[in-house]
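**Q**
Numbering (the working numbering), first residue to last: 429 to 950.
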């Protein structure tokens with residue numbers, strides 16, 4: 429899937445900050461702010477009524493970055509030493525301004541026009557003569573990093589990105605877009621159009637073609653094909669992992685034990701750089717402090733992707749006992765901050781897996797496992813709900829999706845108003861249950877309404893801690909869901925958002941019958 433020709437206009441940048449001439453006080457001393465200082469101060473002021481500014485880590489990280497722009501005499505200051513009063517007053521005033529309908533409409537029209545002009549210039553690329561939309565053609569503006577969960581960098585400043593920071597990927601014979609670009613390369617194997625290093629996280633950011641682009645869809649399909657291929661040879665792979673876990677060579681046993689964790693717990697490999705994901709603690713980078721050996725089981729507790737807590741316990745008896753014995757040996761005599769699988773990297777893992785099945789890597793397992801979990805759940809309910817309502821069918825897809833999200837540890841923080849929202853759903857169920865139908869027909873309809881309300885309540889309650897969208901978008905083979913939906917007479921598009929329908933357009937021609945999907949899996 430190499431490209432021959434690649435042409436685009438680079439990326440669009442957010443407008444420069446326009447200073448308003450604000451002043452702040454630090455330890456009582458009035459300071460006129462320059463544009464960079466003011467942009468940071470205004471960003472902080474706009475967060476003043478949120479719980480973030482009460483978070484000590486958020487405060488400390490922001491102040492540390494903010495004070496780098498001031499003389500060293502203020503270096504030891506805290507957030508309480510800084511008086512943002514003038515800017516706070518301006519923020520409150522801006523919030524209180526109520527625009528009339530006509531002005532709102534006019535401003536919205538102006539913004540839309542500017543965005544459409546930028547999109548026309550920067551939002552398309554030509555690949556091998558075909559024109560495709562670009563997904564993220566606008567560089568993110570500078571701002572305060574919010575993070576997810578207890579991210580250690582929350583509150584730090586995400587600096588502005590300039591053309592000199594950016595590498596463009598272009599064809600050799602095309603005109604380079606105007607700009608002081610950091611580098612121009614011609615990587616025919618890669619589908620990214622631009623990249624730069626995020627100065628805050630030190631991770632690479634990429635600009636890609638949109639999901640609807642043919643070449644992206646082909647790669648998407650290839651990802652699920654790899655997972656399907658693993659499914660066909662999973663017994664062979666697992667057999668090899670168990671055999672090598674008992675090898676005499678310590679390094680071989682470490683590699684196989686890591687592979688077991690990746691297979692059994694859907695754990696990330698840990699040290700791979702994926703353009704779509706931040707680096708994470710995973711199997712190869714587990715430290716002694718991340719596990720607890722309990723005689724019959726191992727407890728895992730560490731911060732994974734996006735600093736989201738990864739906490740699971742696994743029983744290790746019978747055939748799995750070798751895993752416990754290996755881990756017990758690998759931690760012996762080590763300090764809490766030392767690596768359990770020292771000397772092992774993703775390269776060793778992928779080389780081992782590739783020696784069993786050509787092209788197999790650690791990343792394929794999460795796609796395979798998420799898809800397998802969904803397939804198994806849906807095959808258990810397909811015969812029971814063929815004549816059920818559309819909502820019940822969608823409910824079961826979401827429950828299958830939830831199982832995959834739990835396995836992949838796709839956690840989220842519940843919304844602030846979650847308890848109120850749940851209470852409303854509970855009240856709705858109670859209200860419906862109190863209703864007295866006058867006719868048999870009304871009774872049937874009421875029964876359906878009660879069932880739907882009860883399922884909506886249950887769904888909200890059980891999914892509150894998990895993000896179903898990540899696994900639905902990136903890990904569950906859409907062919908499995910579409911095949912099942914066809915089998916139970918459900919429009920598969922009811923399951924996916926319009927954006928995901930575009931991403932998975934290719935399944936229209938690909939989805940096999942549900943009978944074949946189930947047989948293929950067993």
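Each residue gets a CB set at the ideal place from its N, CA and C atoms; glycine is no exception.
This one's a predicted model, so the numbers in the text were calculated from it and none came from an experiment.
Alpha carbon to alpha carbon, how far is residue 749 from residue 896? Give it in angstroms, no decimals.
**A** Position 468 of the chain shown, counted from the first residue, corresponds to residue 896. Position 321 of the chain shown, counted from the first residue, corresponds to residue 749. Those two C-alpha atoms are separated by around 33 angstroms.
**Q** Residue 915: which of 588, 893 and 803 sits nearest, CA to CA?
**A** Locating residue 915 in the chain shown gives position 487, counting from the first residue. Considering only alpha carbons, the answer is 803.
**Q** With H, G and I counted as helix, E and B as strand and the rest as coil, what does DSSP make of residue 796?
**A** For the purposes of this step, residue 796 is taken as the residue at position 368 of the chain shown. Three-state result, residue 796: helix.
**Q** Thinking residue 369 and residue 785 are a contact (beta carbons under 8 angstroms), I'd like their distance in whole angstroms, please.
**A** Any answer about residue 369 is impossible in this case: the structure gives the chain only from 429 up to 950.
**Q** Provide the residue span of the beta strand (DSSP E) that contains residue 721, from first to last.
**A** Taking the first residue of the chain shown as 1, we reach residue 721 at position 293. Here the beta strand (DSSP E) through residue 721 covers 719-721.
**Q** For residue 596, which option in 910, 663 and 439 has the closest C-alpha, if you only look at C-alpha atoms?
**A** Position 168 of the chain shown holds residue 596. The shortest C-alpha separation from residue 596 is found at 439.
**Q** May I have the straight-line CA-CA distance separating residue 433 from residue 547, to the nearest angstrom?
**A** Along the chain shown, read from residue 1 onward, the residue named residue 433 stands at position 5. Along the chain shown, read from residue 1 onward, the residue named residue 547 stands at position 119. Distance between the alpha carbons of residue 433 and residue 547 is about 21 angstroms.
**Q** Shortest alpha-carbon distance to residue 852 belongs to which of 884, 674, 824 and 567?
**A** For the purposes of this step, residue 852 is taken as the residue at position 424 of the chain shown. For residue 852, the nearest C-alpha among the options comes from 884.
**Q** With 16 other CB atoms within 10 Å as the buried threshold, where does residue 828 fall?
**A** Along the chain shown, one-based indexing puts residue 828 at 400. Result: buried.
**Q** Taking the alpha carbon of residue 639 as the reference point, which residue from 902, 556, 715 and 798 has its own alpha carbon closest?
**A** Within the chain shown, the letter at position 211 stands for residue 639. Here the closest residue by C-alpha is 902.
**Q** Return the residue from the list 489, 532, 470 and 676 that minimises the CA-CA distance to residue 516.
**A** Taking the chain shown and counting its residues from 1, one reaches residue 516 at position 88. Minimum Cα distance to residue 516 is reached at 470.
**Q** For the stretch 470-543, list the alpha helix (DSSP H) runs that are entirely contained and at least 4 residues long, ordered along the chain.
**A** 484-495 and 513-524, all fully within the stretch 470-543.
**Q** Between 487, 486, 552 and 481, which lies nearest to residue 636 when the distance is taken from Cα to Cα?
**A** Your numbering for residue 636 matches position 208 in the chain shown. When only C-alpha atoms are compared, the closest one is 552.
**Q** How is residue 920 classed by DSSP in three states: helix, strand or coil?
**A** Along the chain shown, read from residue 1 onward, the residue named residue 920 stands at position 492. Looking at residue 920 - three-state DSSP - the assignment turns out to be helix.
**Q** Return the CA-CA distance between residue 702 and residue 526, expressed in angstroms with no decimal places.
**A** Position 274 of the chain shown holds residue 702. Position 98 of the chain shown holds residue 526. A caution first: residue 702 carries a pLDDT of 48, below 50, which makes its placement in the model too unreliable to give a value.
**Q** Any idea if residue 530 is buried or exposed, counting beta-carbon neighbours within 10 angstroms, 16 or more meaning buried?
**A** As a position in the chain shown, residue 530 is number 102, starting the count at 1. Residue 530 comes out exposed.
**Q** Fully enclosed by the stretch 572-609, which beta strand (DSSP E) runs are 3 residues long or longer?
**A** Qualifying beta strand (DSSP E) stretches, in chain order: 594-597.
**Q** Where does the unbroken alpha helix (DSSP H) through residue 785 begin, and where does it stop?
**A** Position 357 of the chain shown, counting from 1, holds the residue named residue 785. Looking at the DSSP string, residue 785 is not in any alpha helix (DSSP H), and its letter there is neither H nor E.
**Q** Any chance you could list the beta strand (DSSP E) runs of at least 3 consecutive residues sitting entirely within the stretch 658-746, in chain order?
**A** Taking only runs of at least 3 residues, the beta strand (DSSP E) segments lying wholly in the stretch 658-746 are 719-721, 725-731 and 737-743.
**Q** Here's a check: name, in chain order, each residue in its chain whose Cβ is nearer than 6 angstroms to the Cβ of residue 707, leaving out the five neighbours to either side.
**A** Locating residue 707 in the chain shown gives position 279, counting from the first residue. Annotation note: pLDDT 46 at residue 707 (below 50); position unreliable, coordinate value reported separately. Contacts found: none.
**Q** If we count the other Cβ atoms within 10 Å of its Cβ and call it buried at 16 or more, is residue 457 buried or exposed?
**A** The residue labelled residue 457 in the question sits at position 29 within the chain shown. By the neighbour-count rule (16 or more Cβ atoms within 10 Å), residue 457 is not buried but exposed.
**Q** Run the CB neighbour count on residue 484, radius 10 Å, all protein chains shown included, and call it buried at 16 or more, exposed below.
**A** Stepping through the chain shown from its first residue, residue 484 is reached at position 56. It is exposed - the Cβ of residue 484 has fewer than 16 other Cβ atoms within 10 Å.
**Q** For residue 623, does the three-state DSSP call read helix, strand or coil?
**A** Here the question's residue 623 lines up with position 195 in the chain shown. Reduced to three states, the DSSP call for residue 623 is strand.
**Q** Pick out whichever of 791, 445, 572 and 455 has its Cα sitting closest to the Cα of residue 481.
**A** Here residue 481 refers to the residue found at position 53 when the chain shown is read from its first residue. Among 791, 445, 572 and 455, the Cα nearest to that of residue 481 is on 572.
**Q** Expressed to the nearest angstrom, what Euclidean distance is found between the alpha-carbon atoms of residue 509 and residue 454?
**A** Counting from 1 along the chain shown, the entry for residue 509 is found at position 81. Counting from 1 along the chain shown, the entry for residue 454 is found at position 26. Their backbone Cα atoms lie some 6 angstroms apart in a straight line.
**Q** Expressed to the nearest angstrom, what Euclidean distance is found between the alpha-carbon atoms of residue 669 and residue 677?
**A** Against the chain shown, residue 669 aligns to sequence position 241. Against the chain shown, residue 677 aligns to sequence position 249. Distance between the alpha carbons of residue 669 and residue 677: 14 angstroms.
**Q** Determine contact between the stretch 708-717 and the stretch 684-699, defined as no fewer than three beta-carbon pairs at a distance below 8 angstroms.
**A** Verdict: yes, contact present.
**Q** For chain B, find out if any of its Cβ atoms is closer than 8 angstroms to the Cβ of residue 467; answer yes or no.
**A** Protein chain content of the structure displayed is limited to a single chain, and chain B is not contained in it.
**Q** Do residue 567 and residue 442 have their C-beta atoms closer together than 8 angstroms?
**A** Within the chain shown, numbered from 1, the residue matching residue 567 stands at position 139. Within the chain shown, numbered from 1, the residue matching residue 442 stands at position 14. Their beta carbons are under 8 angstroms apart, which means residue 567 touches residue 442 by this criterion.
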